[in-house]
Amino acid sequence: MTAAERPSMVAEFRTWLMETNALALAIGVVIGGAVGKLVTAFVEGLVMPIVGMLIPGGSWREISVVLDSKGNALGIGAILGATVDFIIISMVVFLVAKRILGTAPPKK
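Numbered according to our numbering, the sequence shown spans residues 12 to 119.
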């Protein structure tokens, strides 16, 4: 095959993108990142203030169990806080997906 008959690097790259669905994956990652920012803003701006009224005040996210005199401690509050955040964000994503797709996951 001569140099003139060989496809250009751009043409090969375009073919590779289309055949491997790499472009669709890249678009999905970018859109997923944008949706993640939207959900985070929604949860932090609207949902968490309401949750803050329901959960007792104070710095419960900073609760820890000290293990020794060197200051090593288990961050129980941080784990509980991350768990609460996960549950709330998961619920918001579920509700948004249900609204957009118009369906709920199938029942077992």
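Cβ atoms here follow ideal geometry from the backbone N, Cα and C, with glycine treated the same way.
* To do: Tell me, please, which residues DSSP counts as bridged to Val-77.
  => Looking up residue 77 in the sequence shown gives position 66. Ala-84, per the DSSP bridge assignment.
* Asked: Thinking C-beta only, is Val-50 closer than 8 Å to Val-104?
  -> Position 93 of the sequence shown, counted from the first residue, corresponds to residue 104. Position 39 of the sequence shown, counted from the first residue, corresponds to residue 50. Yes, these two residues count as a Cβ contact at 8 Å.
* Please name the residue in Phe-24, Ile-66, Leu-57 and Met-29 whose C-alpha comes closest to that of Val-6. => Residue 6 lies beyond the stretch modelled for the chain, which goes from 12 to 119, so this question has no answer here.
* **Anticipated Cβ contact below 8 Å, Pro-110 with Ala-89, distance rounded** => Position 99 of the sequence shown, counted from the start, is the residue given in the question as residue 110. Position 78 of the sequence shown, counted from the start, is the residue given in the question as residue 89. Sequence inspection shows Arg at residue 110; the Pro mentioned does not correspond to that position. Actually they do not touch by this definition, with Cβ atoms about 32 Å apart.
* Measure the alpha-carbon distance for Ile-42 versus Gly-92 and round it to whole angstroms. => As a position in the sequence shown, residue 42 is number 31, starting the count at 1. As a position in the sequence shown, residue 92 is number 81, starting the count at 1. Approximately 27 Å, taken between the alpha carbons.
* **Arg-57 versus Glu-23 - alpha carbon distance** => As a position in the sequence shown, residue 57 is number 46, starting the count at 1. As a position in the sequence shown, residue 23 is number 12, starting the count at 1. Note on identity: in this sequence residue 57 is Leu, with Arg being the wrong assignment. Between Leu-57 and Glu-23, the C-alpha separation is close to 47 Å.
* At which residues does the alpha helix (DSSP H) containing Glu-55 begin and terminate? -> Numbered from its first residue, the sequence shown carries residue 55 at position 44. Membership of Glu-55 in any alpha helix (DSSP H) is not indicated, and neither H nor E is assigned to it by DSSP.
* Asked: If Ile-87 sits next to Ile-74, beta carbons under 8 Å apart, how far is it from one beta carbon to the other, in whole angstroms?
  -> Along the sequence shown, read from residue 1 onward, the residue named residue 87 stands at position 76. Along the sequence shown, read from residue 1 onward, the residue named residue 74 stands at position 63. Ile-87 to Ile-74, Cβ: 5 Å. Contact.
* Return the CA-CA distance between Ala-84 and Ala-108, expressed in angstroms with no decimal places. => Here residue 84 refers to the residue found at position 73 when the sequence shown is read from its first residue. Here residue 108 refers to the residue found at position 97 when the sequence shown is read from its first residue. Computed Cα separation, rounded: 39 Å.
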